[in-house]
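Under this note's numbering, the first residue of the sequence shown carries the number 165, and numbering increases by one thereafter.
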Amino acid sequence: MELALAEETLARWQFGITTVYHFLFVPLTISLATLVALLQTAWVRTGKDVYLRATKFWGKLFLINIAMGVVTGILQEFQFGMNWSDYSRFVGDIFGAPLAFEALIAFFFESTFIGLWIFGWDKLPKRIHLATIWMVAIGTVLSAYFILAANSWMQHPVGYRINEESGRAELTDFLQVLTQNTAVAQFAHTITAAFLVGGAFMVGIAAYHLMRRRHVAVMRTSLRVGLITLVAAGMLTAVSGDRLAKIMYEQQPMKMAAAEALWDTEGPAPFSLFAIGDVDAGHNVVAVEIPGLLSFLAHDNFSDPVPGINDTQAAMEAEYGPGDYRPNIPVAYWSFRWMIGFGMASLTLGIAGLWLTRRRFWLSERLRTGSEEVPRLALTRDRELGEGLTRWYWRLAFATMAFPLIANAWGWIFTEMGRQPWVVYGVLQTSAGVSPSVSQGEVITSMTVYTLLYAALAVVEIKLLAKYVKAGPPELTDADRNPPTRIGGDHRDPDKPMAFSY
């Protein structure tokens, strides 16, 4: 029994490490694809060089990121057969369907058009070339939806039946799997959180250059785009998160109770700001709470009761038999707070940035650095004070670029660990999904190899991003400004290098 438990723990650690690492790239890929498409649309509509330079700069960072995301994502598929073969046998008919759609439709759709976008700058008319990056953006969103539909089925299984002869779950309604409220709500929350990452990434890098008064025209435009994205995405993430929390309360009451360290059923139920609990005794030793707020989050009123951990445990024992159906309470409690805290800090940064950079505070004074005019941002009529506060904001914006990534990572840790001990909620426990023939040594070996490999890839990713971030947006040529008017280009110079290659 102890040996099987150790193998399950190791398998969960490996999947957790690789998944959280992979998801560092996913939200940035989703958001940057759309933001680059918007910048290129602005160039096509206006013809202004600043938008084209911004498109090429952020497009290069997008391509570096998506390449790493693909490499790290492929490994996730193998793990289902490596460490989770019993899970794959049980749910393969259902879980495999959205994954197949993701690969056959979304991923190939995305990869085909990204090739056209990379190599088509001097081969395709500008509007057709613009369409290719929009197809890439649509492909990333479709890919996310199919993956989230599969995960949502694990959170709330629908559209299936259990074949008693084979002992497997079989798909009966694929449309229900794709359109259930869990999938729709989780998709909305994940996508808006992804744009929170993209907005902060753009703000942080733009702040890095503005702090040094370099590439001001491009970075000033990028800063405004990033700030607007950051604020809009932050607000939508909060709204979609509230909706997802209400669905979570209905479908997984234990996860809601664990997230708030609510041990006993209360009405009105308080929202916990800080708590230190005794898990064995089943109560909190220290608790700082806002009365009634949890009832509002769960029911839209401040009075209805919310089931506590102890009562929910008793109800689940009555339904599923003896066992401990509580997740790791401290992890669920604190991961929920880190997710919200880092997400709201990002939103606050965006709001502050929009206020600080409103038009009437850009001084008209001109300072020459190379060929660019460098405006200074003032917060008050006192120029020295204004510049000091501005420099403070640039540093803060760059430092907090990682906040939404941290929030996303903790959000997924909460989502997955808060569901335990179920791998498919109410149907299959995690301990029953582990590969029976894989030894501890094999799991330790593969986990060590993957962790070291991912660490090496992280170094490569950071160095590549740092190199091209420091280089800044490229200078434009006449070929960049005047793409061909027909497919295939003008063929006046067959040996001309590609206008946009890596």
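All C-beta atoms in this analysis are idealised placements derived from N, C-alpha and C, irrespective of residue type, glycine included.
Looking only at C-alpha atoms, which of the options sits nearest to residue i?
i	options	result
Trp498	Tyr557, Phe578, Val322	Phe578
Glu274	Ala301, Ser252, Ile392	Ala301
Asn570	Thr205, Ala509, Gly605	Asn is not the amino acid found at residue 570; the sequence shown has Ile there. When each option's Cα is compared against that of Ile570, the closest is Ala509.
Ala635	Met480, Met383, Val607	Met383
Lys290	Thr210, Ala264, Leu520	Thr210
Lys410	Arg376, Ser459, His379	Ser459
Leu202	Gln243, Gly363, Phe272	Gly363
Lys631	Ile228, Glu329, Glu414	Ile228
Arg388	Leu616, Pro637, Tyr618, Leu199	Leu199
Gly514	Ala423, Ala371, Gly597	Ala371
Phe338	Ser330, Met375, Ser595, Leu263	Leu263
Any idea what DSSP makes of residue i, helix, strand or coil?
i	result
Glu537	In this prediction, Glu537 has a pLDDT of 44, which is less than 50 and means its spatial position is unreliable; what the coordinates show is noted afterwards. In the structure shown, Glu537 sits in a strand (DSSP, three-state: E or B).
Gln344	coil
Asn492	coil
Ser510	helix
Glu274	helix
Trp586	strand
His293	helix
Phe187	coil
Ala596	helix
Ser467	coil
Arg378	coil
Ser436	strand
Ala333	strand
His320	coil
Asn247	coil
Glu481	helix
Ala451	strand
In whole angstroms, what is the alpha-carbon distance linking residue i and residue j?
i	j	result
Val602	Leu294	48 Å
Gln319	Arg501	20 Å
Arg490	His447	14 Å
Pro321	Val341	8 Å
Gly323	Ala561	45 Å
Leu268	Glu171	33 Å
Phe466	Gly456	5 Å
His373	Ile392	19 Å
Gly368	Asn572	17 Å
Ala197	Thr612	33 Å
Pro647	Pro568	37 Å
Ala451	Gln416	23 Å
Lys212	Phe221	15 Å
Gln604	Leu174	7 Å
Val235	Phe187	12 Å
Phe283	Thr296	11 Å
Asn327	Glu334	7 Å
Ala313	Glu241	16 Å
Ala352	Ile626	29 Å
Ser307	Met503	23 Å
Ala449	Pro494	According to the sequence provided, residue 449 is Val. The question's Ala does not apply to it. Rounded to the nearest angstrom, the two C-alpha atoms are 13 Å apart.
Glu424	Ser436	6 Å
Val591	Ile311	20 Å
Leu225	Thr205	18 Å
Leu288	Val190	28 Å
Asn247	Ala479	31 Å
Quick one: is residue i buried, meaning 16 or more other Cβ sit within 10 Å of its Cβ, or exposed?
i	result
Arg217	buried
Leu394	buried
Thr641	exposed
Phe277	buried
Ser195	buried
Asp488	exposed
Ser316	buried
Gln178	buried
Ser386	buried
Thr476	buried
Thr464	What sits at residue 464 in the sequence shown is Asp, not Thr. Per the 10 Å Cβ criterion, exposed.
Trp556	exposed
Asp286	buried
Ile440	exposed
Gly279	exposed
Leu673	Here the chain covers residues 165 to 666 and nothing more, so residue 673 does not appear.
Please check the pair residue i and residue j, which I expect to be a contact at CB under 8 Å, by giving their CB distance rounded to whole angstroms.
i	j	result
Ala421	Pro471	6 Å
Leu408	Gln350	6 Å
Val361	Leu192	5 Å
Ile454	Pro434	6 Å
Lys419	Arg176	Incorrect: roughly 17 Å between the Cβ atoms, too far for contact.
Met565	Phe365	6 Å
Gly575	Ala357	7 Å
Asp250	Ser599	7 Å
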